[in-house]
Amino acid sequence: MLDQAEGYTTADGRRIGPVVMEMKNITLRFGGVEAIKDISFDIREGEIRAIIGPNGAGKSSMLNVISGFYVPQEGQVFYQGQPRPPMKPFQVARQGIARTFQNIALFEGMSVLDNVMTGRLTHMQTGLFWQSMWKGKAEQEETANREVAEKIIDFLEIQAIRKTPVARLPYGLKKRVELARALAAEPSLLLLDEPMAGMNVEEKEDMSRFILDVNDEFGTTIALIEHDMGVVMDLSDRVVVMDYGKKIGDGTPDEVRNNQDVIDAYLGVAHD
Amino acid sequence: MTKTLEGAEGLRSVPALLHRNATQFADAPAYREKEFGIWQSWTWSQALEEIEALALGMIDLGVAEGDFVAVIGRNRPRLYWAMMSAQMCGAIPVPLYNDAAAEEMAYTLGHCGAKYVVAGDQEQVDKVMEIQDQLPQFEEMIYLDPRGLRKYDHEKLRSYEQIQYNGRAKREMLVAEMNARIAKLDYDSTAVMLYTSGTTGNPKGVVLSNRNVIETSRTSSEFDGLRQTDDILAYLPMAWVGDFIFSVGQALWTGYCTNCPESPETMMTDLREIGPTYYFAPPRVFENQLTNVMIRMEDASPLKKRMFDHFMAHARKVGPDLLDGKPVGLMDRLKYKLGDLLVYGPLKNTLGFTRVRVGYTAGEAIGPEIFDFYRSLGINLKQLYGQTEATVYITAQPDGQVRSDTVGVVCPGVELKINDTGEVYYRSPGVFVEYYKNPESTADTKDAEGWVATGDAGFIEPDTGHLRIIDRAKDVGKMADGSLFAPKYVENKLKFYPNILEAVVFGNGRDECTAFINIDLTAVSNWAERNNIAYASYQELAGHPQVLATIQNHVEEVNRSVAEDEMLSGCQVHRFVVLHKELDADDGELTRTRKVRRKKIEEKFHDIITALYDGSEQISTVTEVTYEDGRKGAIKATLEIRHAMVQPVATRMAAE
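First to last, the sequence lines map onto chains A and B. This note's numbering puts the first residue of the first sequence at 309, with every later residue one more than the last. This note's numbering puts the first residue of the second sequence at 2, with every later residue one more than the last.
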């Protein structure tokens, strides 16, 4: 069923489209260290795709390759059917890819609203002239962007902290604000680097709910890295499992769960 | 047609009032709601158009006269409209508590046989779907916030917008039918059904007629001189009679504007932005606000703190007198003006009370110190006494006669009497029609002459005519030695301390009184932070020796104060425990309006109570808790039993 080029419909009625991003034989080296060894997989439109693996398996490197931050020595990344040349981060953002970070990277001194508004940057057209004039075009644009930001704030239920400086927020809420900023860019592909790291059960449940809602409401394709197996199995449509830079499994959560290599990697078996 | 409606005679139903407002105050704001960071507003004429569209859509959906339409959600203009639309269809709106668990909802929905449910969001839709198998009469659900509901099976699910769209499209066809149904409504037709929170047993459905709602709204609006230009903030549960009267009854009668907060968490910010002129809050809200102010002052710079303390002392001295229009010396007046500029004004602004002209508190007794704090700032806070069965109003304090220890004089049109056991009875145009499908309870509560028992013990002060409530009639008891036992009296004194959130006093029929105490996490955790005390959980903080010592001090201070009252000196607390969990409505320990359910608590914590009386020094216990999503868990704890110093009992006792 998965190889249908035009996509398919999941059991809960979500529409999964054709492949939007494809990794072909990616190898990434840092000097003599091979962080990623000859990995290939794809991401389909509208799906939640997880990359899991033990510590040091190369998950974050993989995400950085997807986001265009690392350029692999070998292999090719295809985005929307086109081979992707090396790009600057802002070019990646303009392509409709947004991300969150494992260690929160927000502007601590700015309010939640301002942080979310920075996510709209790629959607702002007016130049320095109009911005400094303020009236007219720039003002209209600000209003339109604020509207989008407010919809996101409402969606993620962070109205009560709209004007609060980020530095004063607890960790779990900062993570949510980061998600809000990424969503404000209205991305077609959203990359989440360990969205639930360091959260308690309740915060994880909330975050899972939001990830599912984002996917459902906006149809956003989501690729996420996660440590917590339970969360991953519940959330994702398909899972890539990495270990020591190699891909050891790829498929639906059920397929992955029953994969002997994956079980070995997680339970620990002597590597000979 | 509008001609007749404008006269008081024509105003015999809620929809009739709405029509009057849409003509008389057409362009005045009727509803505001903060959404997406901006206050959206609707004028009375716009509101009428929206409500009619929904009503027509409901008729199209099949809502028939006499059907019950349940409304579940947080305070939002569209849900208030849904209630009025139901009334326009000749149906009966039944607002339910939005934080009730699914099983609780199954009872109320099943009891009234609601055919239609208007749900605020996915959470409420989920709950109703979970129980819909138990509801044979249930037909359709209308939801307001479509978020997360797109994939749901829409066989019995309609969006609010869709219903309004249908209503607008079929207006020509259905408008005659709607107007005919509105015309049929008179003073005796049912306006609303409200479920009591049920301190004991299952909730009862209180049926209120248009007469109850409109008469009460009229007299109470006149009593307080409410104006068309007033603003209120609607944030208390829609299922509570008070909210229905403030946000629907009085709002329609006087035509003032109902403002709904963006979300429950933003309530304080929204309060400040709106600056209501007419404000209601249960004592708990005022307590919390005072606690927050005190905590913030603790953290303030020494200069600010000294200024606050100095001027607050002055305010306590002359503030209430100024408010009551009593004579105050010129110097004191000038100093109060200065204080207003430096402290009271900014403080009121922070609290959102700058514009409050009429403020009420009710539901429970308020600590005199809390009450005086707000009045000394110049906020006209008053008390009223009422219940669902009376359509709120029984007694209220008129301007200029406000005291913390009474609940005021009888409201216009209300008669009061006290029977031999001290229980308060009343009779008024607001007296409810009946308990739905429960003639026995109706007969128990309301006698043939229309007198209703309040269940509260109290007396009328001979010289002032003010009513004083001692306690719930069934809670007032006797100690083993025959002296009076009034737990609420002691609990209220304990609860004044910012560190104490809730207290439950036991002692009926026993030699000595004992107490359960809940710490206030906001206050105590702040204290712990400032004193570098580390804790991992509520339970650990509640069991911390220093916390216990502080609470013990509070208990002993209360004992001293209780000992001064001759009648109640027997109620001093001899021993107490600080509970390891917060009493919670989800665990059935409090009602949804957060009143203590003594029976439940006594049953649930019987082991701790036994330990309080058998001389143990500590008690190990396991308590079942219910999480927000309905799952159950258990907390294990070992609690220390503390002995509090008591004052020697007054002479009256020794003489007996």
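Glycine residues also receive a C-beta, built at the ideal position from the N, C-alpha and C atoms. The model shown is predicted, which means the values in this text are computed figures rather than measured ones.
- Here the C-alpha atom of B:Asn554 lies approximately 17 Å from the C-alpha atom of B:Leu542.
- Taken in chain order, the members of the segment 146–160 of chain B whose beta-carbon sits within less than 8 Å of a beta-carbon on chain A are Arg148, Gly149, Arg151, Lys152.
- B:Val574 is bridged by DSSP to B:Cys514.
- Burial is judged here by how many other beta carbons sit within 10 angstroms of a residue's own beta carbon; B:Tyr490 has at least 16 and is buried.
- Contact annotation for A:Lys459 against chain B: Phe37 [CB-CB distance below 7 Å, chain order].
- The alpha carbon of B:Ile296 has as its nearest neighbour, out of B:Ala17, B:Leu522, B:Thr24, the alpha carbon of B:Leu522.
- For the segment 467–496 of chain A, the set of positions with a beta-carbon nearer than 9 Å to some beta-carbon of chain B reads Gln467, Ala468, Ile469, Arg470, Lys471 in chain order.
- Residues of the segment 267–298 of chain B that bring their beta carbon within less than 7 Å of a beta carbon in chain A comprise Thr267, in sequence order.
- Beyond the five residues adjoining it in sequence on each side, B:Asp244 comes within less than 6 Å, by CB distance, of Leu237 in the same chain, given in chain order.
- By alpha-carbon distance to B:Leu569, the top candidate from B:Lys318, B:Ile609, B:Tyr628, B:Asp482 is B:Asp482.
- Two segments are said to touch when three or more pairs of C-beta atoms, one from each, lie closer than 8 Å; by this definition the segment 313–333 of chain A touches the segment 347–359 of chain A.
- Residue-level contact by beta carbon fails for A:Glu447 and chain B, as no gap is shorter than 8 Å.
- Ranking A:Arg357, A:Val456, A:Met418 by CA distance to the CA of A:Thr528 puts A:Arg357 first.
- Remark: C-beta atoms of B:Val70 and B:Ile39 do not approach each other more closely than 8 Å.
- Neighbourhood of A:Glu342 in chain B, by CB distance below 8 Å: empty, with the nearest CB roughly 43 Å away.
- Under a criterion of Cβ atoms nearer than 8 Å, the residues of chain A adjacent to B:Ser264 are, in order, Glu465, Gln467, Ala468.
- For the C-beta of A:Asp521, the chain B residues within less than 8 Å are, from N- to C-terminus, Arg148, Gly149.
- Secondary structure in the segment 390–456 of chain B: the alpha helix (DSSP H) runs of 4 residues or longer, each lying completely within the stretch, are 440–446 in chain order.
- Assignment of B:Lys157 by DSSP, reduced to helix, strand and coil, places it in the coil class.
- Burial check for B:Ala550: the Cβ neighbour count within 10 Å stays below 16, so the residue is exposed.
- One Cα belongs to A:Gly325, the other to A:Glu525, and the distance between them is close to 15 Å.
- In terms of Cα proximity to A:Ala531, the closest of A:Glu353, A:Met515, A:Arg476 is A:Glu353.
- By a beta-carbon distance limit of 8 Å, B:His315 contacts B:Tyr337. Their separation comes to about 7 Å.
- Distance from B:Lys152 to A:Asp320 at the Cβ level is roughly 7 Å; contact confirmed, criterion being Cβ atoms closer than 8 Å.
- A distance below 8 Å separates the beta carbons of B:Ile395 and B:Tyr427.
- Contact with chain B is absent for A:Gly557, since none of that chain's Cβ atoms lies less than 8 Å from the residue's Cβ.
- Within chain B, the residues placing a beta-carbon under 8 Å from that of A:Gly321 are Lys152, ordered along the chain.
- Counting along the chain, the unbroken alpha helix (DSSP H) around B:Thr217 starts and ends at 211–224.
- Taking a contact to require three or more Cβ pairs closer than 8 Å, the segment 441–451 of chain A and the segment 463–476 of chain A do not qualify as touching.
- B:Met84 carries a helical assignment under DSSP once its states are collapsed to helix, strand and coil.
- Counted as a single uninterrupted DSSP element, the beta strand (DSSP E) harbouring A:Met550 occupies residues 546–551.
- Not one beta carbon of chain B lies nearer than 8 Å to the beta carbon of A:Glu353.
- Neighbours of A:Asp462 across chain B, judged by C-beta separation under 7 Å: Phe37.
- Contact check between the segment 548–566 of chain A and the segment 515–525 of chain A: fewer than three CB pairs, one atom from each, fall below 8 Å, which does not count as touching.
- Rounded to whole angstroms, A:Lys554 and A:Val341 show a C-alpha spacing of 13 Å.
- Shown here, B:Lys128 sits in a helix according to DSSP, grouped into three states.
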